[in-house]
Amino acid sequence: MKTGNIKRAAALTALFVAVIMIAAFCFTACGEKKEEEPPAVTVASISLDITGAKTEFTVGETFVSDGVKVTAKMSDGTEKTVAIGDCTVSSPDMSKAGSVSVTVTYEGKTASYKITVRNAAEPGDDRTDYRYEAEYAEF
Numbered sequence: 033m034k035t036g037n038i039k040r041a042a043a044l045t046a047l048f049v050a051v052i053m054i055a056a057f058c059f060t061a062c063g064e065k066k067e068e069e070p071p072a073v074t075v076a077s078i079s080l081d082i083t084g085a086k087t088e089f090t091v092g093e094t095f096v097s098d099g100v101k102v103t104a105k106m107s108d109g110t111e112k113t114v115a116i117g118d119c120t121v122s123s124p125d126m127s128k129a130g131s132v133s134v135t136v137t138y139e140g141k142t143a144s145y146k147i148t149v150r151n152a153a154e155p156g157d158d159r160t161d162y163r164y165e166a167e168y169a170e171f
């Protein structure tokens, strides 16, 4: 074999090896795993604190949910405070006396609390709640 042919064969072999290495690198780089995005944090449940809310109403009075505090427990275990204005609040029937349930919904999760709707006191009737009077009356 002539020296020129050997050099040419060596150059072709080196070129072939270089092309194979570049192709292998490209295919390997394309197959790299991307870091997976963490799952989206969603609302797991909600809870209500009605300590500062009005829960006693008179028949015909307009219902207000002011003072209700909503806390959302998230899927990652954290909690966040939610404004009552960001929630959907059911409209209770204020036309008759009784115990009425109010439902609060936030991002598909619901919680409820009870309000009491009482009849208005009769004119001239200075007694407001007979149950409590009887309970504390001395005999």
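Numbered according to the working numbering, the sequence shown spans residues 33 to 171.
Cβ coordinates follow ideal geometry from the N, Cα and C atoms, glycine included.
When the options are compared against residue i, the one with the closest alpha-carbon
| i | options | result |
| --- | --- | --- |
| G84 | A41, K105, I147 | I147 |
| S107 | V73, S79, T137 | V73 |
| G92 | I38, V132, M126 | M126 |
| T120 | G140, S131, T90, E69 | G140 |
| A153 | G117, T90, K128 | T90 |
| T142 | A42, V51, D118 | D118 |
| V149 | V136, K128, Y138, T137 | K128 |
Rounded separation between residue i and residue j - CA only
| i | j | result |
| --- | --- | --- |
| S97 | K66 | 47 Å |
| K112 | V134 | 21 Å |
| T1 | G109 | For the chain, the structure presents residues 33 to 171; residue 1 sits outside this window and is missing. |
| G99 | P124 | 17 Å |
| G130 | K86 | 15 Å |
| N151 | Y145 | 20 Å |
| T45 | I38 | 10 Å |
| V136 | P71 | 26 Å |
Assumed close pair residue i, residue j - CB separation to whole angstroms, cut-off 8 Å
| i | j | result |
| --- | --- | --- |
| V102 | I82 | About 10 Å separates the two Cβ atoms, so there is no contact after all. |
| V132 | A104 | That belief does not hold up - the Cβ atoms of V132 and A104 are roughly 24 Å apart, past 8 Å. |
Beta strand (DSSP E) runs wholly inside the region 65-145, at least 3 long, in chain order: Scanning the region 65-145 for uninterrupted beta strand (DSSP E) segments of 3 residues or longer gives 75-81, 88-90, 101-106, 111-114, 130-138, listed from N- to C-terminal end.
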